[in-house]
Every structure is written in C-alpha cells, then in structure tokens.
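Reading through the structure tokens given below for one structure.
2 protein chains.
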Amino acid sequence: MQHSLKNIFPNFSNELIETIEKNGTLQDFKTGTILMRTGQYIKNTALITKGKIKIYRQGEDGGEFLLYYLQPGQACAISMICTAKSEKSQIMAKVVEDVSVMMIPLQSMDKWMMEHRSWYEFVIETYRSRFEEVLEVVDNIAFRSMDERLEFYLKRHSDACGCSEVNLSHQEIASELNTSREVVSRLLKKMEQRGLVKLNRNQIELLK
Amino acid sequence: MQHSLKNIFPNFSNELIETIEKNGTLQDFKTGTILMRTGQYIKNTALITKGKIKIYRQGEDGGEFLLYYLQPGQACAISMICTAKSEKSQIMAKVVEDVSVMMIPLQSMDKWMMEHRSWYEFVIETYRSRFEEVLEVVDNIAFRSMDERLEFYLKRHSDACGCSEVNLSHQEIASELNTSREVVSRLLKKMEQRGLVKLNRNQIELLK
DNA sequence: ATCCTACAGTAACATTTATCACAGAAGGTT
DNA sequence: AACCTTCTGTGATAAATGTTACTGTAGGAT
Chain A
1 MQHSLKNIFP NFSNELIETI EKNGTLQDFK TGTILMRTGQ YIKNTALITK
51 GKIKIYRQGE DGGEFLLYYL QPGQACAISM ICTAKSEKSQ IMAKVVEDVS
101 VMMIPLQSMD KWMMEHRSWY EFVIETYRSR FEEVLEVVDN IAFRSMDERL
151 EFYLKRHSDA CGCSEVNLSH QEIASELNTS REVVSRLLKK MEQRGLVKLN
201 RNQIELLK
Chain B
1 MQHSLKNIFP NFSNELIETI EKNGTLQDFK TGTILMRTGQ YIKNTALITK
51 GKIKIYRQGE DGGEFLLYYL QPGQACAISM ICTAKSEKSQ IMAKVVEDVS
101 VMMIPLQSMD KWMMEHRSWY EFVIETYRSR FEEVLEVVDN IAFRSMDERL
151 EFYLKRHSDA CGCSEVNLSH QEIASELNTS REVVSRLLKK MEQRGLVKLN
201 RNQIELLK
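Just so you know, the sequences run in chain order A and B.
The first sequence begins at 1 in full-length UniProt numbering and counts up one residue at a time.
The second sequence begins at 1 in full-length UniProt numbering and counts up one residue at a time.
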C-alpha cells in the first residue's frame with residue numbers, strides 16, 4: 001500500500017506501527033478546515049499522513065501570523081506538548097491541502113514514550129525541529145525587513161507545495177506576514193522588476 | 001541544606017535526586033560568562049540551581065536578541081533537545097548573575113527519561129514552557145510596536161530580578177531588542193513623562 | 001583639578017512601513 | 001451586455017523606526 005504508515009514514518013518500529021494502527025483513528029479533513037483554535041483544549045496528538053497544514057499564531061487583534069507548515073511524516077509539536085499536560089492550545093492549525101491525520105489519544109502518547117524507543121526519538125526530534133523552525137521565524141521578524149521576509153515566505157511556500165506557483169492573493173499573504181496588502185503589492189512589484197517573480201491574478205510565479 | 005536539589009526541584013523523586021547527585025557535576029560561573037555560543041556543539045544539559053542566565057538568538061550581523069531568562073529550578077530546553085541529538089546550539093547563553101549549574105551528561109539525560117517518571121515530566125514541562133515563551137516573543141515582535149516591547153522587556157527584567165530597578169544602559173537594552181540606543185532613550189523619556197519610570201544613570205526605576 | 005570614557009539627551013533627517021483614497025482589471029453571475 | 005465582487009496597482013500622506021551628528025554630564029583614573 002502506497003500510503004502505509006511505514007512509508008510515511010520510516011523510523012517507526014514495526015511494533016510501533018502496529019500499535020498505532022490499533023489505537024489511532026485515521027481522519028480526513030478538507031482544505032480550509034480549522035483543526036485547532038487558539039485557546040482550545042487539546043485531546044489528541046495528530047500525525048500527518050497526507051496533505052498540508054499551516055500553523056498560525058493569533059494576535060489579540062485577530063491577526064494570523066504564519067509559524068510553519070506541517071506535512072506528511074510530521075506531527076504537531078504543540079499538540080504533543082499540550083497533550084502531555086492537557087493544556088490549552090497556543091496556536092491555530094488550518095488545513096491548506098486535504099489531509100489525513102492519525103489521531104493519537106493522550107494516554108497512548110505518554111505510554112509509548114516508555115515502551116517504544118522509535119516513538120520517543122520521534123517525539124524528541126519533533127520538538128527539536130519545531131523549536132528550530134520557530135527560532136527561524138524569530139530571526140526573520142527580529143532581524144529582517146519586510147522584503148526579505150516576503151521572499152522567505154514565498155520560498156517556503158514553494159518548498160512546501162513543491163511547485164513554483166503561489167496561488168494566494170496579496171491580502172492573504174499580507175495577513176500571514178502581519179502587514180498590509182498595499183505593502184505586499186508594492187514589494188511584489190519591485191520583485192517583478194528585479195526579475196524574481198511574474199505576477200498574475202491570484203498567482204505569483206517564482207522565477208529563481 | 002538551603003540549596004539542596006530537592007528544594008530547587010521539588011518535583012524530582014528522591015531516587016532521581018540521588019542519581020543526579022551521583023552523575024552530575026556542579027559548576028559555578030561568574031556573571032558575564034558565555035555558557036554556550038551559537039554554533040557550538042552541546043555535550044551537557046544544564047540544570048540551574050542558582051543565579052540567572054539570559055538566552056539570546058544571534059543575527060548574522062551579530063545582534064543579540066533576548067529570548068528568555070533561565071532561573072533556578074529551570075533547565076535549558078535547547079540544550080536538552082540538542083543534547084538528545086548532539087546537535088549544534090542555535091542560541092547563546094550568557095550568565096547575568098553568578099550561577100551554579102548541575103551539568104548532566106548526554107547519556108544520562110536519555111537514560112533517565114525511561115527510568116524516572118519525574119525526570120520525564122520535567123523534560124516535557126521544560127519543552128512546553130520554553131516553547132510557550134518563544135511564542136510569546138513571536139507575539140511581541142510580530143504584533144507589537146517598540147514602545148510596548150520595551151515595556152514588556154522592563155517588566156520581564158524586574159520579574160526576573162525581583163526588584164524594580166533595571167541596572168542596564170540604554171545601549172544594552174537596545175541590543176537585546178534589536179533596535180538603536182536613540183530609540184530606547186526616546187521611548188524611555190516618553191515613559192518617564194507618562195510617569196511609568198524614573199531615569200537615572202545606568203538605572204531605570206519602574207514606578208508602576 | 002584634569003582628563004578620559006561611557007552614558008544619556010535631542011534635533012534633524014532618512015527610511016521603512018502603515019493607512020487612506022481611489023482607479024482599473026479580471027472573472028463570475030444574471 | 002450589464003453588473004458585481006474581488007483583486008491589484010499606485011499616489012499621497014502619516015507614523016514609526018533608524019541614522020547621523022552633536023552636546024552635555026557623571027564618574028573613574030591619573
């Protein structure tokens with residue numbers, strides 16, 4: 001089977017795969033679904049097996065600041081952390097490409113840490129890589145100006161979707177960078193003049 | 001004994017305390033010591049038993065952006081995460097008040113996760129709280145302007161030192177917020193006019 | 001006292017980003 | 001075609017932040 005857990009999580013031991021298949025619930029969600037809201041209590045850890053999710057930090061004013069993407073083979077570190085203490089979510093998760101996720105109940109998550117070395121290693125590695133990714137976000141907003149941040153945003157988008165077209169409106173991009181549409185339009189125009197992108201309606205082609 | 005591990009880490013089991021005392025090395029460092037540099041390999045996890053440490057993210061230009069404080073009873077999440085994979089440090093740690101730290105070698109860190117429930121819980125809680133703290137940093141730089149960030153900075157400083165005087169120059173504050181001294185001076189003057197602080201040489205008194 | 005250095009204040013100006021206002025273009029609906 | 005909505009482009013202006021330049025002051029060293 002093409003989408004077997006073993007293919008998506010190659011480091012999991014066979015026993016762990018079996019355990020997951022026995023205890024987890026595979027669920028599908030359509031693009032646009034909000035999987036988790038700020039302030040919501042978390043009852044499961046989600047392993048992504050298909051599709052894409054974007055993780056946001058929300059401001060009090062309602063801004064939605066993009067933190068990172070989650071893709072097949074990954075898991076939500078925050079859900080793990082919060083699950084472990086049954087705490088409130090500090091973030092918002094939105095499906096941006098139809099996903100399948102394996103939902104792991106709170107108790108299993110904890111139990112497996114002791115029983116399955118490969119689960120333990122996966123959890124630690126998840127913490128590490130998400131932490132690093134958030135630190136990279138800090139780098140961007142602390143040390144870089146909007147034009148660099150926009151370039152980084154576009155690059156990350158194309159990395160995530162594996163293509164060179166960004167099918168988003170300027171307004172959507174602006175929200176995820178917490179700036180205004182006009183600024184994004186202007187900076188994109190400059191990038192077009194520098195030959196970095198080609199602008200179409202609802203689409204930005206990355207040229208380099 | 002006043003500074004016993006048990007007092008500082010009340011949630012650790014007695015067996016764990018014993019194990020730590022047997023395997024760890026207590027080390028002292030003076031204010032100003034750089035405990036860890038960006039890019040350095042990490043060989044130990046550090047438990048703080050006395051003093052204060054500031055954790056910074058460094059920009060390519062050499063900026064030192066303050067992420068958070070570490071205090072007695074806490075541990076460096078990054079060192080844990082990196083230790084687990086023996087990876088490079090993404091951050092810089094500077095002693096700001098003479099510290100004693102219990103150094104835990106890589107192997108023990110991992111081993112105890114399986115053997116001591118209270119260690120496991122401590123590590124998970126450390127991940128969670130550091131992650132949350134970094135997310136709060138993201139909030140600040142993503143959603144707030146410099147005056148609010150400065151107020152937050154001062155408040156955090158006084159929380160950390162437990163006093164209402166900030167004995168730092170405007171230049172030092174500016175570096176940690178990645179802005180310029182002039183901006184900090186201006187904003188502090190405005191805060192003084194609003195009656196929030198009293199400005200002296202090398203000292204800012206918080207009035208509210 | 002004199003000198004020196006780090007620190008603080010502030011004006012003037014540059015740059016970046018945000019906001020307001022409006023116009024036109026693309027694409028869907030009737 | 002006529003209409004509507006969303007998206008995009010752009011000028012004008014405002015506000016925030018960064019930079020340059022200069023001044024004065026406090027406190028330590030000689």
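Don't be surprised by glycine CBs; every beta carbon is placed ideally from N, CA and C.
For the alpha helix (DSSP H) that residue i lies in, which residues bound it at each end?
i, result
"residue 200(B)", "Segment 197 to 200 is the beta strand (DSSP E) holding residue 200(B); no alpha helix (DSSP H) there."
"residue 124(B)", "117 to 143"
"residue 6(A)", "5 to 8"
Thinking C-beta only, is residue j closer than 9 Å to residue i?
i, j, result
"residue 212(A)", "residue 54(A)", "Residue 212(A) falls outside the range modelled here, since chain A spans only 1 to 208, and no answer is possible."
"residue 104(B)", "residue 44(B)", "yes"
"residue 128(A)", "residue 81(B)", "yes"
"residue 52(B)", "residue 160(B)", "yes"
"residue 134(A)", "residue 177(A)", "no"
"residue 63(B)", "residue 142(A)", "yes"
"residue 164(A)", "residue 192(A)", "no"
"residue 48(B)", "residue 10(B)", "no"
"residue 78(A)", "residue 37(A)", "no"
"residue 113(B)", "residue 113(A)", "yes"
"residue 196(A)", "residue 170(A)", "no"
Within the 9 Å Cβ cut-off, does residue i reach chain A?
i, result
"residue 77(B)", "yes"
"residue 61(B)", "yes"
"residue 127(B)", "yes"
"residue 201(B)", "no"
"residue 147(B)", "no"
Under a Cβ-count criterion, where at least 16 other Cβ atoms within 10 Å of its own Cβ denotes burial, should residue i be classed as buried or exposed?
i, result
"residue 16(A)", "buried"
"residue 90(A)", "buried"
"residue 167(A)", "exposed"
"residue 74(B)", "buried"
"residue 25(B)", "exposed"
"residue 120(A)", "buried"
"residue 190(B)", "exposed"
"residue 126(B)", "buried"
"residue 34(A)", "exposed"
"residue 61(B)", "exposed"
"residue 140(B)", "buried"
Any beta carbon from chain B within less than 9 Å of residue i's own beta carbon?
i, result
"residue 130(A)", "yes"
"residue 153(A)", "no"
"residue 44(A)", "no"
"residue 81(A)", "yes"
"residue 183(A)", "no"
"residue 103(A)", "no"
"residue 143(A)", "yes"
"residue 90(A)", "yes"
Over the uninterrupted beta strand (DSSP E) stretch that includes residue i, give me the two end residues.
i, result
"residue 98(A)", "92 to 105"
"residue 44(A)", "44 to 58"
"residue 69(B)", "64 to 70"
"residue 28(A)", "25 to 29"
Going along the chain, which unbroken runs of the alpha helix (DSSP H) with 4 or more residues stay wholly within the UniProt domain "HTH crp-type" (144 to 208) of chain B? Fully enclosed alpha helix (DSSP H) runs of 4 or longer: 146 to 161, 170 to 177 and 181 to 193.
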